[in-house]
Amino acid sequence: MLKLYSFGPAANSMKPLLTLFEKGLPFEANRLDPATFQHHSDWFKAINPRGQVPALVDGEHVITESTVICEYLEDEHPTEVVLRPADSFGRAQMRVWTKWVDEYFCWCVSTIGWHRYVGNMVKALSDAEFEEKVAAIPVVEQQIKWRRAREGFPQDMLDEEMRKIAFSVKRLDDHLRDNEWLVPGQYTLADICNFAIANGMQFGFPEFVSKEATPGLVRWIEQINARPAAKTMFGAVELEKLGPRE
Numbered sequence: 001m002l003k004l005y006s007f008g009p010a011a012n013s014m015k016p017l018l019t020l021f022e023k024g025l026p027f028e029a030n031r032l033d034p035a036t037f038q039h040h041s042d043w044f045k046a047i048n049p050r051g052q053v054p055a056l057v058d059g060e061h062v063i064t065e066s067t068v069i070c071e072y073l074e075d076e077h078p079t080e081v082v083l084r085p086a087d088s089f090g091r092a093q094m095r096v097w098t099k100w101v102d103e104y105f106c107w108c109v110s111t112i113g114w115h116r117y118v119g120n121m122v123k124a125l126s127d128a129e130f131e132e133k134v135a136a137i138p139v140v141e142q143q144i145k146w147r148r149a150r151e152g153f154p155q156d157m158l159d160e161e162m163r164k165i166a167f168s169v170k171r172l173d174d175h176l177r178d179n180e181w182l183v184p185g186q187y188t189l190a191d192i193c194n195f196a197i198a199n200g201m202q203f204g205f206p207e208f209v210s211k212e213a214t215p216g217l218v219r220w221i222e223q224i225n226a227r228p229a230a231k232t233m234f235g236a237v238e239l240e241k242l243g244p245r246e
């Protein structure tokens, strides 16, 4: 059976989770707890040496990187539910949107999320405790991000990321005012991967996302939330409540 190691249904962890639920594939869900740094534990780094989720185990194979996992599931586990266009132009359109979310949209939203929520998990740690946690992180860039989150991100960086978020939601809304889905005519991995980042932005970023300001984007977010697979996923997999450790 497929085994997925992930956090709850948000951000990059949601991409393969929602893909699995949409395709109706049976899998063993292994939900790691970021508050206890399970993804940096030795047992998980034996699965993914980078200490990052999500990770999919399929027999002898370990597949990492959220969008890559989604495409792997389409390649190796075809179902009646098809989440990738059959034609080359449609697949190219899909990959433009998945590339964009991975290289641009995800990063600006992530930085603000780390600033608002993730950094709170380590603010109560002593310097020694914090450095012990950081020493277990195998990716240097992630070590830097944890230190920035604890100390506080520079305001100019936060301002620039908010500018990028405003640009991102406008780009999505402009497209979705005229199209039901990101790839015209088909619900695809492009929708899943962007929804994983955009879901809930009308609450987290109301200054940018609302029915009045971005009706196309809000309609699309609500439409995906109403899908049976999304409802099942949110009911089956608990979402983290990030904050200081108790």
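1 is the number of the first residue of the sequence shown in our numbering; add one for each residue after it.
All residues carry an ideal CB built from backbone N, CA and C; glycine is no exception.
Status (buried if at least 16 other CB within 10 Å, exposed otherwise) for residue i
i: F234; result: buried
i: F203; result: exposed
i: E65; result: buried
i: A196; result: buried
Whether residue i touches residue j by CB criterion (8 Å)
i: Y72; j: L83; result: no
i: V183; j: M94; result: yes
i: L172; j: I112; result: no
i: K15; j: T67; result: yes
i: G59; j: E240; result: no
i: D191; j: I221; result: no
i: T214; j: V169; result: yes
Cβ shell of residue i (< 6 Å), same chain only, five flanking positions each side left out
i: A149; result: W114, V118, G119
i: L20; result: F27
i: E238; result: G8
i: W181; result: Y187, D191
i: D102; result: T67
Other residues of its chain near residue i: CB distance less than 8 Å, five sequence neighbours each side excluded
i: A166; result: F208
i: V134; result: Q143, W146, R147
Given residue i as reference, the closest of the options once Cα atoms are compared
i: P78; options: E238, A236, K23; result: K23
i: D266; options: C108, F37, P206; result: This structure leaves residue 266 out entirely; the chain is present only between 1 and 246.
i: A124; options: E74, I47, E151, M162; result: E151
i: Y187; options: P54, W97, G8, F37; result: W97
i: R163; options: L176, F105, M121; result: F105
i: A229; options: N12, S88, L25; result: L25
Delimiting residues of the alpha helix (DSSP H) encompassing residue i
i: N225; result: 215-225
i: V96; result: 88-100
Host beta strand (DSSP E) of residue i (start-end)
i: F27; result: 27-31
Beta carbon proximity, residue i to chain B, threshold 8 Å
i: L2; result: Given the protein chain composition of this structure (a single chain), no chain B is represented.
Residue i: CB within 7 Å of a non-hydrogen atom of the ligand ADP
i: T214; result: The ligand content of the structure shown is nil, which means the ligand ADP is not present either.
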